[in-house]
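Chemist: Note that the working numbering has the sequence shown beginning at 138, numbered continuously upward.
Positions of the beta carbon are idealized from the N, C-alpha and C atoms, including for glycine.
Small disclaimer: the values here were computed from a predicted structure and weren't measured.
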Amino acid sequence: MVEAASFRGDFPILQRRIHGQPLAYLDSAATTQKPRAVIEALTVFYEQHNANVHRGVYTLSEEASALYESARAKVARHLGADSPRSIVFTRGTTEALNLVAAGWAGSRLRPGDEIVATEVEHHSNLIPWQMAARHTGASLRLARLGADQTLDVGHLLSLIGPRTRLVAVSLTSNVLGTVTPLGEIVARAHAVGARVVVDAAQAAAHLRFDVRALDCDFLAVSGHKLYGPTGIGALYGKPDCLEEVEPVQGGGGMIEWVEAQTARWGPLPARLEAGTPSVADAHALGAALDYLRPRMEEALRHEQRLTAYALERLLAVPGLTLFGPKKPVLRAGVFAFNLPGVHPHDAAELLDGQGVALRAGHHCCQPLMRRLGVTATLRASLAIYSSTEDVDRLVAGLSTVRAALAS
Ligand code: 7TS
Numbered sequence: 138m139v140e141a142a143s144f145r146g147d148f149p150i151l152q153r154r155i156h157g158q159p160l161a162y163l164d165s166a167a168t169t170q171k172p173r174a175v176i177e178a179l180t181v182f183y184e185q186h187n188a189n190v191h192r193g194v195y196t197l198s199e200e201a202s203a204l205y206e207s208a209r210a211k212v213a214r215h216l217g218a219d220s221p222r223s224i225v226f227t228r229g230t231t232e233a234l235n236l237v238a239a240g241w242a243g244s245r246l247r248p249g250d251e252i253v254a255t256e257v258e259h260h261s262n263l264i265p266w267q268m269a270a271r272h273t274g275a276s277l278r279l280a281r282l283g284a285d286q287t288l289d290v291g292h293l294l295s296l297i298g299p300r301t302r303l304v305a306v307s308l309t310s311n312v313l314g315t316v317t318p319l320g321e322i323v324a325r326a327h328a329v330g331a332r333v334v335v336d337a338a339q340a341a342a343h344l345r346f347d348v349r350a351l352d353c354d355f356l357a358v359s360g361h362k363l364y365g366p367t368g369i370g371a372l373y374g375k376p377d378c379l380e381e382v383e384p385v386q387g388g389g390g391m392i393e394w395v396e397a398q399t400a401r402w403g404p405l406p407a408r409l410e411a412g413t414p415s416v417a418d419a420h421a422l423g424a425a426l427d428y429l430r431p432r433m434e435e436a437l438r439h440e441q442r443l444t445a446y447a448l449e450r451l452l453a454v455p456g457l458t459l460f461g462p463k464k465p466v467l468r469a470g471v472f473a474f475n476l477p478g479v480h481p482h483d484a485a486e487l488l489d490g491q492g493v494a495l496r497a498g499h500h501c502c503q504p505l506m507r508r509l510g511v512t513a514t515l516r517a518s519l520a521i522y523s524s525t526e527d528v529d530r531l532v533a534g535l536s537t538v539r540a541a542l543a544s
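1. Work out the CA separation of Gly510 and Asp527 for me, nearest whole Å.
2. Could you spell out where the beta strand (DSSP E) holding Gly370 opens and where it closes?
3. Using alpha carbons as the reference points, say which of Ala397, Leu236, His259 and Val538 lies closest to Pro455.
4. So does Ala407 have its beta carbon nearer than 6 Å to some heavy atom of ligand 1?
5. So Asn235 is in the alpha helix (DSSP H); what residue range does that whole segment cover?
6. Please list, in chain order, all residues of the same chain as Gly283 whose beta carbon is under 6 Å from its beta carbon, the five residues on each side excluded.
7. With burial defined as no fewer than 16 other Cβ atoms inside 10 Å of the residue's Cβ, what is the status of Ala453: buried or exposed?
8. For Thr315, which of helix, strand or coil comes out of DSSP?
9. Check whether the Cβ of Asn311 lies closer than 6 Å to any heavy atom of ligand 1, and answer yes or no.
10. Can you give me the C-alpha to C-alpha distance between Ala203 and Glu410, rounded to a whole angstrom?
11. Mind checking whether Ala208 and His420 have CB atoms under 7 Å apart?
12. CB of Thr315 to nearest heavy atom of ligand 1: below 6 Å?
13. What's the gap between the Cα of Leu356 and the Cα of Val212?
14. Give the single residue among Asp418, Val348 and Gly365 whose Cα lies nearest to the Cα of Ala218.
15. Flag this pair as yes or no: are the beta carbons of Leu515 and Ala484 separated by less than 7 Å?
16. Under three-state DSSP, which class holds Val532?
17. Is Val257 near Ser310, with beta carbons less than 7 Å apart?
18. For Gly470 versus Leu519, is the C-beta spacing smaller than 7 Å?
19. Going by C-alpha distance, which of Pro221, Ala424 and Thr458 is nearest Tyr373?
20. Express the C-alpha separation of Tyr195 and Ala201 in angstroms, rounding to a whole number.
21. Does Ile132 pass the burial test, meaning 16 or more other C-beta atoms within 10 Å, or should it be called exposed?
22. For a test of the three-state rule: what should DSSP assign to Ala141, helix, strand or coil?
23. Between which two residues does the alpha helix (DSSP H) holding Val175 run?
24. State the DSSP-derived secondary structure class of Asn475, mapped to helix, strand or coil.
25. If you run the structure through DSSP and keep just helix, strand and coil, what is Ser310?
26. With respect to the beta strand (DSSP E) encompassing Ile392, which residues constitute its N-terminal and C-terminal limits?
27. Report yes if the CB atom of Ser415 is closer than 7 Å to the CB atom of Ile369, and no otherwise.
28. Quick check: does the Cβ of Gln503 come within less than 6 Å of any heavy atom belonging to ligand 1?
29. DSSP beta-bridge partners for Trp402?
30. Return the CA-CA distance between Glu449 and Leu457, expressed in angstroms with no decimal places.
31. Apart from the five residues just before and just after Ala400, which ones in its own chain have a Cβ nearer than 6 Å to its Cβ?
32. So what does DSSP say about Leu246, is it helix, strand or coil?
33. Would you call the stretch 331 to 351 and the stretch 227 to 240 touching, i.e. three or more CB-CB distances under 8 Å?
34. Is it buried or exposed for Ser295, if we count other Cβ within 10 angstroms and need 16 for buried?
35. Is there at least one non-hydrogen atom of ligand 1 closer than 6 Å to the beta-carbon of His343?
36. So Leu363 packs on Ala342, CB below 8 Å; how close in whole Å?
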């Protein structure tokens, strides 16, 4: 038994009832719920500080600009970046990875160059590299899943060679819950002069890491998986790496001067943030980090205990197939599983009727699904506010699902 998270009361949506039942929200890998502090930050911004940034000399615009830049500094601190100038605000992980693919790979790769990624990746960390490869004539090589249903790191290392220019890998898988050991991968990539892009979408709220210690060149996160709002995320880049990224969007805020036929780009990070940014969302992401950081140690301990508890309970469900490693030390609180003879979508619908919210589908990982020999799975995922009761309600719900649907 794991104590109910003390954080639960901070999340107003968890008071909701669904079909007359209390909500057991188990889809935090898709998006986390928001603490009151984040919801209030959005309201306070629009009620007190709303103006466009970097343009006005009047008080409101100065306040909005200061809040926007303060949020950038908070993201830099959370990721362990040396300077806020290493942080480019984006709409999320997808946009951050596409920015590297179009703005870095798209302008620097040549036929014969190689991009190395993995079969485990979310489509957001696969399709941009397919597009960059198609656009430049480079080729894309994918490291395979090992027999133990974790990434075959040895295979990945063997793919990194003299033609490798870029290695793209996730820190935490959104299906397997595995955490990729990046040390040797980064060292090997750097030894051949390749850049390393890390998809930290699933890691940023649930794992302690530091971009300086990882020594990665780029790293992408989404605010909405970090207890912040949708529509805001970040790309971290080492200064010399960000300098190599060509803007893929031109417009206001990114130039030094403009003539009729030409323009000179302004300094980083604004150069890569053309147009009016999501100022309120950036500010509220800062509020999410203010909320999370002092609670991080306790939250991680809670999630680890609950992960162990959920694993034990799920593995005890008769016939349940759990994908990925079975030991809690190797995994985050993400569990993809199936019940024999039960379509995941039917199960998720029945569980919804009991107030249990979890995802069914391919989780934007079709190559991985193919490798696992399935087209879809159920997936439950945990966060700071998850409780033993949520897990118990899922497990109880799975019994009724088996009784109703198993063939
Ligand atoms: N990378 C990983 C590992 C992810 O899990 C996701 C989203 C993304 C990238 C893309 O993030 P976005 O914020 O830009 O959309 N993952 C999921 C998921 O597992 N279910 O819904 C979204």
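Modeler: Taking the coordinates as given:
1. In this model, Asp527 and Gly510 are separated by some 29 Å (Cα to Cα).
2. Gly370 to Gly374
3. Val538
4. no
5. Thr230 to Val237
6. Asp289
7. exposed
8. Strand, per DSSP.
9. Asn311 Cβ: within cutoff of ligand 1.
10. 16 Å
11. A contact, by the Cβ cut-off of 7 Å.
12. no
13. Distance between the alpha carbons of Leu356 and Val212 is about 12 Å.
14. Considering only alpha carbons, the answer is Val348.
15. yes
16. helix
17. yes
18. Yes, these two residues count as a Cβ contact at 7 Å.
19. Pro221
20. Taking the straight line joining both Cα atoms gives about 10 Å.
21. Here the chain covers residues 138 to 544 and nothing more, so residue 132 does not appear.
22. Because the pLDDT at Ala141 is just 47, under 50, the model does not fix this residue reliably, and the point stays unresolved.
23. First-last of the alpha helix (DSSP H) with Val175: Arg173 to Val181.
24. Three-state result, Asn475: strand.
25. coil
26. Ile392 to Val395
27. yes
28. no
29. DSSP output for Trp402 lists Ile392 as bridge partner(s).
30. 12 Å
31. Taken in chain order, the residues that qualify are Ile392.
32. coil
33. yes
34. exposed
35. no
36. 5 Å
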